[in-house]
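Peer 1:
Numbering (the numbering used here), first residue to last: 1156 to 1556.
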């Protein structure tokens, strides 16, 4: 009996009382139950699909979609396949998500810092912004911005600024760079990417030297000069070698009987309304995250920075905000995920995002299969944001910067 008891001990502690053993057993049992539950769920779905003869499968992906997509960042024709059309729609969603995250983060930081301003008017205006946009449903905001664009004059009678910027109920048209030759344009973009990497390296090297010596090295200035210099030199070299610039500026201009604007880049009203709504709504939540993160840093840190002669803005930038990032980043990642998932409301204002295009596909393809692809697509985008955010969060915790 004593030998049996000895076998059931780990590090001299009975296994039924060992905290580590109990944690492992709990996790293994929980994982097993989760797998069983998921398997049971999908097996029941599969059985229900077969019993009701609901069409499913992915053979339709090779067929021609034969339906136009209103706005697309990638080249698209109605003769393209379902799979490519889904890729085009997913690209629309990804572009909206990335631009929305950047703008919402910038606006949220500004509003969050303004909430802590010593100026009473600035602080109260920031509070009013947060309370209004955070408590009005996003769908209502999307409709509001969309109807504002619809109230603008039609293309023929729209506003024209400097003969270059066209604003009407179809959207906003601006000059836009287009590659004069696709291969030359890609080569220049690749060289610019190398320049960006070199600029980051120069910035870090000079920043390290500045930290070690205490002498101003202007890392940001020289980093930007490196990027701009590489871009300019490679532009001139490619222009001399190819006889033309890698990119030319396409100018928008009215064409045809109805005065439709062609050329340049036209951001449709649906895209603009979606971006404005997502940015304004998400920024209100990010502002509160930033405010809470900054207030979590002890006042002694700010007082010490001020005692060293730093201005309020310099103290915020170099002392308070870097420490607040440890608190800010985890909930900030959740807001990035929410913005990406909230973009699925684009169909309500007529923008061709992934969900809207996929919903149209259900008229000629199995709905079950299409919505499985939608779920997997949003899952992939959310995991990508989570991975990037968690890696940056780990970097901040390790470096303390």
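Just so it is clear, CB atoms sit at the ideal spot from N, CA and C, and this is done for glycine as well. Keep in mind the model is a prediction, meaning the values are calculated, not measured.
Could you please give the first and the last residue of the uninterrupted beta strand (DSSP E) stretch that includes residue 1326?
Peer 2: Residues 1326 to 1329.
Peer 1: Hey, which unbroken runs of the alpha helix (DSSP H) at 4 residues or more fall wholly within the region 1210 to 1255?
Peer 2: As far as the region 1210 to 1255 is concerned, it has no whole alpha helix (DSSP H) run of at least 4 residues.
Peer 1: How would you call residue 1535, buried or exposed, if buried means at least 16 neighbouring beta carbons within 10 angstroms?
Peer 2: Per the 10 Å Cβ criterion, exposed.
Peer 1: Identify the continuous beta strand (DSSP E) that holds residue 1409 and give its terminal residues.
Peer 2: Start and end: 1408 to 1410.
Peer 1: Which residue comes first and which comes last in the alpha helix (DSSP H) that contains residue 1316?
Peer 2: Looking at the DSSP string, residue 1316 is not in any alpha helix (DSSP H); the run it does join, the beta strand (DSSP E), is 1314 to 1316.
Peer 1: What is the DSSP secondary structure of residue 1371, reduced to helix, strand or coil?
Peer 2: Residue state, collapsed to three classes: coil.
Peer 1: Would you report the Cα separation of residue 1199 and residue 1245, rounded to the nearest angstrom?
Peer 2: Their Cα atoms are separated by approximately 29 Å.
Peer 1: Could you check the C-alpha separation between residue 1281 and residue 1264 for me, to the nearest Å?
Peer 2: Cα-Cα distance, rounded: 11 Å.
Peer 1: In or out: residue 1233 buried (at least 16 other Cβ within 10 Å) or exposed?
Peer 2: Flag for residue 1233 reads exposed.
Peer 1: Report the rounded CA-to-CA distance for residue 1484 versus residue 1260, giving the unit in angstroms.
Peer 2: Approximately 11 Å, taken between the alpha carbons.
Peer 1: Where does residue 1401 sit, in a helix, a strand or coil, going by DSSP?
Peer 2: Of the three classes helix, strand and coil, the one that applies to residue 1401 here is coil, per DSSP.
Peer 1: Where does residue 1169 sit, in a helix, a strand or coil, going by DSSP?
Peer 2: Note: residue 1169 maps to strand in three-state DSSP.
Peer 1: Are the CB atoms of residue 1424 and residue 1417 nearer to each other than 9 Å?
Peer 2: Not a contact, by the Cβ cut-off of 9 Å.
Peer 1: Is the distance from the Cβ of residue 1296 to the Cβ of residue 1432 below 9 Å?
Peer 2: Closer than 9 Å, so yes.
Peer 1: Under 8 Å by Cβ, that's how I've got residue 1520 and residue 1237 pegged, so tell me the actual separation to the nearest angstrom.
Peer 2: Residue 1520 to residue 1237, Cβ: 6 Å. Contact.
Peer 1: Can you tell me whether residue 1415 is helix, strand or coil according to DSSP?
Peer 2: The answer is strand: DSSP assigns residue 1415 an E or B state.
Peer 1: Quick one: grab the DSSP three-state call for residue 1156.
Peer 2: Residue placement at residue 1156 is poorly supported in this model, since its pLDDT is 46, which falls under 50; the coordinates still yield a value, given next. Here residue 1156 sits in coil by DSSP.
Peer 1: For residue 1382, which option in 1368, 1550, 1406 and 1343 has the closest C-alpha, if you only look at C-alpha atoms?
Peer 2: The shortest C-alpha separation from residue 1382 is found at 1343.
Peer 1: Would you kindly work out how many angstroms separate the C-alpha atoms of residue 1510 and residue 1399, rounded to a whole number?
Peer 2: Rounded to whole angstroms, residue 1510 to residue 1399 spans 41 Å at the Cα level.
Peer 1: Tell me, please, which residues DSSP counts as bridged to residue 1420.
Peer 2: Residue 1420 is bridged to 1329.
Peer 1: Pull up the distance between the alpha-carbon of residue 1462 and that of residue 1476, whole angstroms please.
Peer 2: Those two C-alpha atoms are separated by around 17 Å.
Peer 1: Please work out which residues of its chain come closer than 7 Å, Cβ to Cβ, to residue 1402, disregarding the five sequence neighbours upstream and downstream, and give them in chain order.
Peer 2: Around residue 1402: 1332, 1333, 1334, 1335 and 1340.
Peer 1: Thinking C-beta only, is residue 1445 closer than 9 Å to residue 1422?
Peer 2: Cβ distance not < 9 Å, so residue 1422 and residue 1445 don't count as in contact.
Peer 1: Quick check on the DSSP output: the alpha helix (DSSP H) that includes residue 1493 runs from which residue to which?
Peer 2: Looking at the DSSP string, the run of the alpha helix (DSSP H) that includes residue 1493 is 1476 to 1497.
Peer 1: Is it true that the CB of residue 1419 sits closer than 9 Å to the CB of residue 1386?
Peer 2: Not in contact: residue 1386 and residue 1419 (Cβ atoms no closer than 9 Å).
Peer 1: Only counting the same chain, and skipping five residues up and downstream in sequence, which positions put a Cβ closer than 6 Å to that of residue 1549?
Peer 2: If we look at residue 1549 and ignore the five residues flanking it on each side, it has no Cβ neighbours.
Peer 1: Going by alpha carbons, who is nearest to residue 1289 out of 1438, 1377, 1249 and 1310?
Peer 2: Here the closest residue by C-alpha is 1438.
Peer 1: DSSP state of residue 1506, grouped into three classes?
Peer 2: If DSSP states are grouped into helix, strand and coil, residue 1506 belongs with coil.
Peer 1: Using a Cβ-Cβ cutoff of less than 6 Å, which residues in the same chain neighbour residue 1328 once the five nearest sequence positions on both sides are dropped?
Peer 2: Answer for residue 1328: 1321, 1407, 1416, 1419 and 1421, listed in chain order.
Peer 1: Run through the region 1342 to 1397 for me and flag every whole alpha helix (DSSP H) of 4 or more residues, listed as ranges in chain order.
Peer 2: Runs found: 1374 to 1397.
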